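Below is one structure, written out as C-alpha coordinates, with a few remarks after it.
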Amino acid sequence: MDFSENYLTKYAEEIQAFHFGGSRQQISLHTVVTYTKEDPSGEVKTTCYCSMSQNLSHSPPAIWAHLQPILNKLPSEVEILHFWSDGPVTQYRNKYMFYFLVTHLIEFYPAITHFTWNYHEAGHGKGAPDGVGAVCKRSADRLVGSGNDISSLNDLSEAIQKTCPNINVYLIDDMNILEKEALLATAKEQIKTFPVLCVHQVSWNIENPNKLKMKSLSCFCNENTCDHFKIGVMIYSSYKNLVSALRMFTDRIQSLKREFF
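Sequential numbering of the sequence shown, starting at 1, is according to UniProt numbering.
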(Lines of atoms letter the chains of each structure in order from A and count residues from 1; the text may use other names and numbers.)
(Lines give C-alpha, C1' and ligand atoms only; values in the text may rest on other atoms or scores of the structure.)
Protein backbone atom coordinates (compact mmCIF):
# COMPACT_ATOMS: atom_id res chain seq x y z
CA MET A 1 0.00 0.00 0.00
CA ASP A 2 1.05 3.57 -0.53
CA PHE A 3 -0.27 7.10 -0.96
CA SER A 4 -0.11 8.22 -4.54
CA GLU A 5 0.71 11.80 -5.45
CA ASN A 6 -2.39 13.97 -5.09
CA TYR A 7 -4.45 14.35 -8.24
CA LEU A 8 -5.16 17.90 -9.43
CA THR A 9 -8.56 18.49 -10.98
CA LYS A 10 -8.48 19.53 -14.65
CA TYR A 11 -10.73 20.92 -17.36
CA ALA A 12 -10.65 20.07 -21.04
CA GLU A 13 -10.50 23.79 -21.83
CA GLU A 14 -8.79 26.25 -19.51
CA ILE A 15 -7.92 29.90 -19.81
CA GLN A 16 -4.21 30.63 -19.67
CA ALA A 17 -4.31 32.23 -16.21
CA PHE A 18 -5.94 29.16 -14.67
CA HIS A 19 -3.80 26.68 -16.58
CA PHE A 20 -0.54 28.13 -15.25
CA GLY A 21 -1.59 29.62 -11.92
CA GLY A 22 -5.04 28.41 -10.99
CA SER A 23 -5.82 27.08 -7.53
CA ARG A 24 -6.82 23.52 -8.38
CA GLN A 25 -8.63 21.18 -6.05
CA GLN A 26 -6.43 18.33 -4.84
CA ILE A 27 -7.65 14.78 -4.28
CA SER A 28 -5.77 12.32 -2.09
CA LEU A 29 -5.31 8.79 -3.49
CA HIS A 30 -4.42 5.75 -1.37
CA THR A 31 -3.66 2.62 -3.38
CA VAL A 32 -3.57 -0.98 -2.19
CA VAL A 33 -2.92 -4.32 -3.88
CA THR A 34 -4.05 -7.46 -2.03
CA TYR A 35 -2.96 -11.05 -2.61
CA THR A 36 -5.31 -13.68 -1.18
CA LYS A 37 -5.07 -17.45 -1.35
CA GLU A 38 -8.25 -19.03 -2.66
CA ASP A 39 -9.66 -22.20 -1.10
CA PRO A 40 -9.47 -25.04 -1.93
CA SER A 41 -7.33 -24.52 -5.04
CA GLY A 42 -4.65 -22.46 -3.28
CA GLU A 43 -4.58 -20.05 -6.23
CA VAL A 44 -3.39 -16.54 -5.41
CA LYS A 45 -5.91 -13.84 -6.33
CA THR A 46 -4.73 -10.28 -6.95
CA THR A 47 -7.09 -7.35 -6.34
CA CYS A 48 -6.40 -3.62 -6.81
CA TYR A 49 -7.96 -0.84 -4.76
CA CYS A 50 -7.91 2.94 -4.87
CA SER A 51 -9.54 5.01 -2.14
CA MET A 52 -9.80 8.75 -2.63
CA SER A 53 -10.73 11.72 -0.51
CA GLN A 54 -10.87 15.50 -0.53
CA ASN A 55 -9.24 15.33 2.90
CA LEU A 56 -5.49 15.46 2.22
CA SER A 57 -4.40 14.10 5.60
CA HIS A 58 -1.92 11.20 5.62
CA SER A 59 -2.14 10.69 9.39
CA PRO A 60 -2.76 7.28 11.03
CA PRO A 61 -6.52 7.96 11.48
CA ALA A 62 -6.75 8.89 7.79
CA ILE A 63 -4.85 5.75 6.79
CA TRP A 64 -7.24 3.56 8.77
CA ALA A 65 -10.21 5.35 7.25
CA HIS A 66 -8.79 4.56 3.80
CA LEU A 67 -8.13 0.95 4.80
CA GLN A 68 -11.53 0.28 6.37
CA PRO A 69 -13.51 -0.49 3.17
CA ILE A 70 -10.70 -2.77 1.99
CA LEU A 71 -10.56 -4.62 5.31
CA ASN A 72 -14.34 -5.01 5.11
CA LYS A 73 -14.00 -6.41 1.60
CA LEU A 74 -11.65 -9.23 2.62
CA PRO A 75 -13.21 -12.40 4.10
CA SER A 76 -13.84 -12.08 7.83
CA GLU A 77 -12.44 -15.62 8.27
CA VAL A 78 -8.89 -14.40 7.56
CA GLU A 79 -6.45 -15.97 10.01
CA ILE A 80 -3.07 -14.66 8.82
CA LEU A 81 -2.47 -11.19 7.41
CA HIS A 82 0.72 -9.48 6.22
CA PHE A 83 0.89 -5.75 5.46
CA TRP A 84 3.62 -4.15 3.32
CA SER A 85 4.23 -0.41 3.05
CA ASP A 86 6.96 2.18 3.13
CA GLY A 87 7.99 3.48 6.52
CA PRO A 88 7.47 7.23 7.04
CA VAL A 89 7.10 7.85 10.76
CA THR A 90 4.30 10.36 10.15
CA GLN A 91 2.20 7.77 8.31
CA TYR A 92 2.62 4.01 8.69
CA ARG A 93 5.43 3.53 11.21
CA ASN A 94 4.52 5.11 14.53
CA LYS A 95 2.95 4.37 17.90
CA TYR A 96 -0.55 5.36 16.74
CA MET A 97 -0.54 2.88 13.86
CA PHE A 98 0.52 0.18 16.31
CA TYR A 99 -2.37 1.23 18.55
CA PHE A 100 -4.87 0.76 15.73
CA LEU A 101 -3.30 -2.58 14.79
CA VAL A 102 -3.55 -4.07 18.26
CA THR A 103 -6.96 -2.70 19.18
CA HIS A 104 -8.99 -2.60 15.96
CA LEU A 105 -7.72 -5.16 13.47
CA ILE A 106 -9.37 -7.98 15.41
CA GLU A 107 -12.72 -6.20 14.97
CA PHE A 108 -12.51 -6.95 11.25
CA TYR A 109 -11.10 -10.47 11.61
CA PRO A 110 -12.28 -12.25 14.79
CA ALA A 111 -10.51 -15.45 13.72
CA ILE A 112 -7.12 -13.83 13.12
CA THR A 113 -4.21 -15.64 14.76
CA HIS A 114 -1.18 -13.81 13.38
CA PHE A 115 -0.34 -10.60 11.53
CA THR A 116 2.74 -8.63 10.59
CA TRP A 117 3.33 -5.14 9.26
CA ASN A 118 6.50 -4.86 7.18
CA TYR A 119 8.27 -1.64 6.21
CA HIS A 120 10.29 -1.27 3.02
CA GLU A 121 13.32 0.93 2.76
CA ALA A 122 12.71 4.29 1.09
CA GLY A 123 12.15 3.91 -2.64
CA HIS A 124 11.81 0.12 -2.53
CA GLY A 125 9.04 -2.44 -2.92
CA LYS A 126 6.05 -0.27 -3.79
CA GLY A 127 5.82 -0.96 -7.52
CA ALA A 128 2.36 -2.54 -7.47
CA PRO A 129 0.43 0.18 -5.57
CA ASP A 130 2.41 2.90 -7.35
CA GLY A 131 1.31 1.33 -10.63
CA VAL A 132 -2.34 1.45 -9.55
CA GLY A 133 -2.04 5.17 -8.80
CA ALA A 134 -0.30 5.83 -12.11
CA VAL A 135 -2.99 3.98 -14.08
CA CYS A 136 -5.78 5.87 -12.30
CA LYS A 137 -4.29 9.30 -12.95
CA ARG A 138 -3.22 8.53 -16.50
CA SER A 139 -6.71 7.23 -17.32
CA ALA A 140 -8.28 10.36 -15.87
CA ASP A 141 -5.91 12.59 -17.85
CA ARG A 142 -6.75 10.67 -21.01
CA LEU A 143 -10.44 11.47 -20.51
CA VAL A 144 -9.61 15.14 -19.99
CA GLY A 145 -7.63 15.09 -23.21
CA SER A 146 -10.67 13.74 -25.05
CA GLY A 147 -12.87 16.64 -23.96
CA ASN A 148 -14.14 15.69 -20.49
CA ASP A 149 -13.84 17.76 -17.32
CA ILE A 150 -12.69 16.28 -14.02
CA SER A 151 -13.46 19.03 -11.56
CA SER A 152 -14.45 17.12 -8.42
CA LEU A 153 -13.96 13.96 -6.39
CA ASN A 154 -17.08 12.37 -7.90
CA ASP A 155 -15.89 13.15 -11.43
CA LEU A 156 -12.57 11.42 -10.75
CA SER A 157 -14.28 8.42 -9.16
CA GLU A 158 -16.63 7.98 -12.10
CA ALA A 159 -13.76 8.37 -14.57
CA ILE A 160 -11.68 5.65 -12.91
CA GLN A 161 -14.60 3.26 -12.55
CA LYS A 162 -15.42 3.77 -16.22
CA THR A 163 -11.91 3.29 -17.59
CA CYS A 164 -10.41 0.92 -14.97
CA PRO A 165 -13.05 -1.73 -14.16
CA ASN A 166 -10.48 -3.95 -12.44
CA ILE A 167 -9.71 -1.31 -9.81
CA ASN A 168 -12.08 -1.12 -6.84
CA VAL A 169 -12.73 2.55 -6.03
CA TYR A 170 -13.89 3.87 -2.65
CA LEU A 171 -14.69 7.42 -1.53
CA ILE A 172 -13.58 8.48 1.94
CA ASP A 173 -15.30 11.52 3.43
CA ASP A 174 -14.24 13.70 6.34
CA MET A 175 -16.61 11.92 8.72
CA ASN A 176 -14.80 8.61 8.20
CA ILE A 177 -11.52 10.22 9.21
CA LEU A 178 -13.04 12.12 12.15
CA GLU A 179 -14.42 8.85 13.54
CA LYS A 180 -10.92 7.36 13.57
CA GLU A 181 -9.49 10.51 15.13
CA ALA A 182 -12.10 10.26 17.89
CA LEU A 183 -11.07 6.65 18.58
CA LEU A 184 -7.46 7.70 18.87
CA ALA A 185 -8.21 10.74 21.04
CA THR A 186 -9.52 8.58 23.88
CA ALA A 187 -6.08 7.06 24.45
CA LYS A 188 -3.69 9.40 22.65
CA GLU A 189 -2.15 10.97 25.74
CA GLN A 190 -1.50 7.58 27.33
CA ILE A 191 0.24 5.97 24.34
CA LYS A 192 3.92 6.23 25.10
CA THR A 193 6.63 7.23 22.66
CA PHE A 194 9.43 4.86 21.67
CA PRO A 195 12.09 4.66 18.90
CA VAL A 196 10.71 3.33 15.60
CA LEU A 197 13.35 4.12 12.95
CA CYS A 198 15.06 0.76 13.50
CA VAL A 199 11.76 -1.16 13.25
CA HIS A 200 11.14 -2.90 9.91
CA GLN A 201 8.58 -5.45 11.05
CA VAL A 202 5.98 -5.63 13.82
CA SER A 203 4.55 -9.06 14.58
CA TRP A 204 1.50 -10.11 16.60
CA ASN A 205 0.25 -13.54 17.63
CA ILE A 206 -2.96 -14.60 19.34
CA GLU A 207 -0.93 -16.55 21.93
CA ASN A 208 0.37 -13.20 23.30
CA PRO A 209 -2.41 -10.80 22.30
CA ASN A 210 -1.13 -7.86 24.34
CA LYS A 211 2.36 -7.89 22.80
CA LEU A 212 3.79 -6.49 19.57
CA LYS A 213 7.17 -7.91 18.63
CA MET A 214 9.54 -5.43 16.94
CA LYS A 215 12.18 -6.61 14.44
CA SER A 216 14.98 -4.93 12.51
CA LEU A 217 14.32 -7.20 9.49
CA SER A 218 11.28 -9.16 8.33
CA CYS A 219 11.24 -12.90 8.99
CA PHE A 220 8.45 -15.40 8.34
CA CYS A 221 10.09 -18.71 9.27
CA ASN A 222 7.69 -19.47 12.13
CA GLU A 223 4.68 -17.33 12.92
CA ASN A 224 4.47 -18.49 16.55
CA THR A 225 8.03 -18.62 17.84
CA CYS A 226 10.28 -16.71 15.41
CA ASP A 227 12.58 -14.33 17.28
CA HIS A 228 15.02 -13.66 14.44
CA PHE A 229 16.10 -10.00 14.25
CA LYS A 230 13.98 -9.12 17.30
CA ILE A 231 14.93 -5.81 18.87
CA GLY A 232 12.15 -5.42 21.39
CA VAL A 233 8.59 -5.97 22.53
CA MET A 234 5.75 -3.55 23.12
CA ILE A 235 3.60 -4.75 26.01
CA TYR A 236 0.10 -3.31 26.08
CA SER A 237 -2.38 -3.36 28.93
CA SER A 238 -4.99 -5.09 26.74
CA TYR A 239 -5.25 -5.94 23.07
CA LYS A 240 -8.96 -5.03 23.05
CA ASN A 241 -8.97 -2.01 25.35
CA LEU A 242 -5.53 -0.50 25.03
CA VAL A 243 -4.81 2.46 27.27
CA SER A 244 -1.04 2.47 27.41
CA ALA A 245 2.14 0.82 26.25
CA LEU A 246 3.94 -0.52 29.27
CA ARG A 247 7.45 -1.16 28.06
CA MET A 248 9.82 -1.66 25.18
CA PHE A 249 13.29 -3.11 25.65
CA THR A 250 16.11 -4.10 23.33
CA ASP A 251 17.23 -7.71 23.43
CA ARG A 252 20.62 -6.92 21.90
CA ILE A 253 21.62 -4.78 24.84
CA GLN A 254 19.69 -6.78 27.40
CA SER A 255 22.85 -7.29 29.42
CA LEU A 256 22.86 -3.57 30.08
CA LYS A 257 19.16 -3.67 31.04
CA ARG A 258 18.64 -0.44 29.15
CA GLU A 259 15.03 0.60 28.64
CA PHE A 260 13.77 3.23 26.28
CA PHE A 261 11.26 4.43 28.87
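By construction, the Cβ of each residue, glycine as well, lies at the ideal position given by its N, Cα and C atoms. Note that the structure is predicted; figures quoted are calculated from it, not measured.
How far does the alpha helix (DSSP H) with E181 in it extend, from its first residue to its last? For the purposes of this step, residue 181 is taken as the residue at position 181 of the sequence shown. Per DSSP, E181 belongs to the alpha helix (DSSP H) from D174 to A185.
Taking only runs of the alpha helix (DSSP H) that begin and end inside the stretch 70–157, which ones reach a length of at least 4 residues, in chain order? Fully enclosed alpha helix (DSSP H) runs of 4 or longer: 95–108 and 127–145.
Would DSSP call Q26 helix, strand or coil? Taking the first residue of the sequence shown as 1, we reach residue 26 at position 26. Reduced to three states, the DSSP call for Q26 is strand.
When DSSP labels each residue in this structure, what does K37 get in the three-state scheme? By one-based count along the sequence shown, residue 37 stands at place 37. Reduced to three states, the DSSP call for K37 is strand.
Does the Cβ of G127 have 16 or more other Cβ atoms within 10 Å, making it buried, or fewer, making it exposed? Translated into the one-based positions of the sequence shown, residue 127 becomes position 127. With fewer than 16 other CB atoms across the displayed protein chains lying within 10 angstroms of its CB, G127 is exposed.
Do you know offhand how far R138's Cα is from S237's? Here residue 138 is taken as the residue at index 138 of the sequence shown, counted from 1. Here residue 237 is taken as the residue at index 237 of the sequence shown, counted from 1. Using only the alpha carbons, I get a separation of about 47 Å.
Quick one: what does DSSP say residue 267 is sitting in, helix, strand or coil? As displayed, the chain neither begins before 1 nor continues past 261, which places residue 267 out of reach and without an answer.
Please report the straight-line C-alpha distance between C198 and G87, rounded to a whole angstrom. Mapped onto the sequence shown, residue 198 falls at position 198. Mapped onto the sequence shown, residue 87 falls at position 87. Approximately 10 Å between the Cα atoms of the pair.
Got a sec? Which residues, its chain only, sit under 8 Å from S76 by beta carbon, not counting five neighbours each side? As a first step, residue 76 is located in the sequence shown; it is residue number 76 there, counting from the start. These residues qualify, in order along the chain: F108, Y109, P110 and A111.
Looking only at its own chain, which residues have a Cβ that is under 6 Å from the Cβ of G133, when we skip the five neighbours before and after it? As a position in the sequence shown, residue 133 is number 133, starting the count at 1. Closer than 6 Å at Cβ, skipping near neighbours: S4, L29 and T31.
By the 10 Å Cβ neighbour count, where 16 or more other Cβ atoms means buried, how is E188 classified, buried or exposed? What you label residue 188 is simply residue 188 of the sequence shown in a count that begins at 1. Correcting the residue identity first, residue 188 is Lys in this sequence and not Glu. K188 is exposed by the Cβ-count criterion.
Where DSSP assigns a beta bridge to Q54, which residues make up the other side? Sequence index remark: in the sequence shown, residue 54 carries index 54 (1-based). Partner residues in a beta bridge of Q54, as assigned by DSSP, do not exist.
Other residues of its chain near Y49: CB distance less than 6 Å, five sequence neighbours each side excluded: Position 49 of the sequence shown, counted from the first residue, corresponds to residue 49. Only V32, I70 and N168 meet the Cβ criterion.
Answer yes if the stretch 152–165 comes into contact with the stretch 51–61, meaning at least three C-beta pairs across the two stretches below 8 Å, and no otherwise. They touch, by the three-pair rule.
Output needed for K240: all residues of its chain with C-beta closer than 6 Å, excluding positions within five of it in sequence on either side, in chain order. Sequence index remark: in the sequence shown, residue 240 carries index 240 (1-based). Confidence at K240 is low in this model, with a pLDDT of 49, below 50, so its placement is unreliable and the value that follows should be read with caution. Taken in chain order, the list of residues that qualify is empty.
As assigned by DSSP and simplified to three states, the class of F220: On the sequence shown, residue 220 is found 220 positions in, with the first residue counted as 1. The answer is coil: DSSP assigns F220 none of H, G, I, E or B.
Could you work out which residue in G42, P60, H58 and T47 is closest to P165 when comparing CA atoms only? Reading the sequence shown from its first residue, position 165 is the one you call residue 165. Selected option, being the one with the closest Cα: T47.
What first and last residue would you give for the beta strand (DSSP E) that runs through E169? Start at 1 with the first residue of the sequence shown, and residue 169 comes out as number 169. The sequence given here has Val at residue 169, not Glu. First-last of the beta strand (DSSP E) with V169: I167 to L171.
In the DSSP assignment, find the beta strand (DSSP E) that holds S59 and state where it starts and stops. Residue 59 sits at position 59 when you count from the first residue of the sequence shown. Per DSSP, S59 is not a residue of any beta strand (DSSP E), being assigned neither H nor E.
Quick check: the stretch 172–186 against the stretch 196–214, are at least 3 beta-carbon pairs closer than 8 Å? Short answer: they don't touch.
Expressed to the nearest angstrom, what Euclidean distance is found between the alpha-carbon atoms of L101 and H120? Looking up residue 101 in the sequence shown gives position 101. Looking up residue 120 in the sequence shown gives position 120. Using only the alpha carbons, I get a separation of about 18 Å.
According to DSSP, is I235 helix, strand or coil? Your numbering for residue 235 matches position 235 in the sequence shown. In this structure, DSSP gives I235 an extended state, which the three-state scheme calls strand.
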